[in-house]
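All residue numbers for the sequence shown refer to the numbering used here, where the first residue is 1 and numbers rise by one.
C-beta: ideal position from N, C-alpha, C; glycine also.
It should be emphasised that the depicted structure is a prediction, and the values quoted were computed from it without experimental measurement.
One structure is given below, encoded as structure tokens.
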Amino acid sequence: FNKEIDFDTDTIKVMLVGAGYTPDQAAHRYKSAVTSEASGPGYTAGGVTLGTPQIVGSGSTVTLKGDNIAWPSSTISGRYLVIYDATPGSDAQRPLISYVDFGETVSSTSATFQATWNALGLLSVSVA
Numbered sequence: 001f002n003k004e005i006d007f008d009t010d011t012i013k014v015m016l017v018g019a020g021y022t023p024d025q026a027a028h029r030y031k032s033a034v035t036s037e038a039s040g041p042g043y044t045a046g047g048v049t050l051g052t053p054q055i056v057g058s059g060s061t062v063t064l065k066g067d068n069i070a071w072p073s074s075t076i077s078g079r080y081l082v083i084y085d086a087t088p089g090s091d092a093q094r095p096l097i098s099y100v101d102f103g104e105t106v107s108s109t110s111a112t113f114q115a116t117w118n119a120l121g122l123l124s125v126s127v128a
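Right under this line is the structure:
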């Protein structure tokens, strides 16, 4: 991450975006490249803070873990979650960390929109 992210001190956020956005890992490095953010009752622009983010190492694998996220009493829809570092001063400096693709647009209507992470973590990276 070119020393751009400090998981010990930075604020890691998760935002919901619609199908109008197409993730591009080769071209999209910063939050400013992300479009079609969700909006509606119960959703705050920029997403929610990932509680207790931590990096856990085991052998040749590094895993990002954190609390499940939710937008209670929300009326929103989206296709992707975008995980990013919200600490730098502008969207053009806020590095993207990962995407979650639901495979289709999912929504909530005056209900809790929740993402429950795998017990093993949000993402894992292994080196050969």
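Bridge partners - residue i, DSSP secondary structure assignment
i: Tyr-84; result: Lys-13 and Leu-96
i: Val-125; result: Val-62
i: Ala-70; result: Gln-114
i: Thr-49; result: Lys-13
i: Ser-36; result: Partner(s): none; Ser-36 has no beta bridge.
i: Ile-76; result: Ser-108
i: Tyr-30; result: Pro-95
i: Gln-54; result: Lys-65
i: Asp-24; result: None; Asp-24 has no bridge partner.
Whole-number beta carbon distance between residue j and residue i, since they are thought to touch under 8 Å
i: Ser-36; j: Ile-76; result: About 12 Å; that fails the 8 Å criterion.
i: Tyr-99; j: Pro-23; result: 5 Å
i: Thr-49; j: Thr-11; result: 6 Å
Selection from the options that minimises the alpha carbon distance to residue i
i: Val-129; options: Val-14, Ser-60, Thr-22 and Asp-24; result: No information on residue 129 is available, as it lies outside the stretch 1 to 128 that the chain covers here.
i: Ala-128; options: Thr-87, Val-62, Val-17 and Gln-93; result: Val-62
i: Phe-113; options: Asp-10, Val-34 and Gly-47; result: Gly-47
i: Ile-69; options: Asp-91, Asp-10 and Met-15; result: Met-15
i: Asp-8; options: Gly-103, Asp-101, Pro-72 and Gly-66; result: Gly-66
i: Pro-41; options: Asp-10, Thr-109 and Asp-101; result: Thr-109
State whether the region 73-80 contacts the region 44-56, with contact taken as three or more CB pairs (one from each stretch) at a distance under 8 Å. Short answer: they don't touch.
Would you check if the region 19-36 and the region 109-128 touch, i.e. whether three or more CB-CB distances between them fall below 8 Å? At 8 Å Cβ cutoff, the stretches do not touch.
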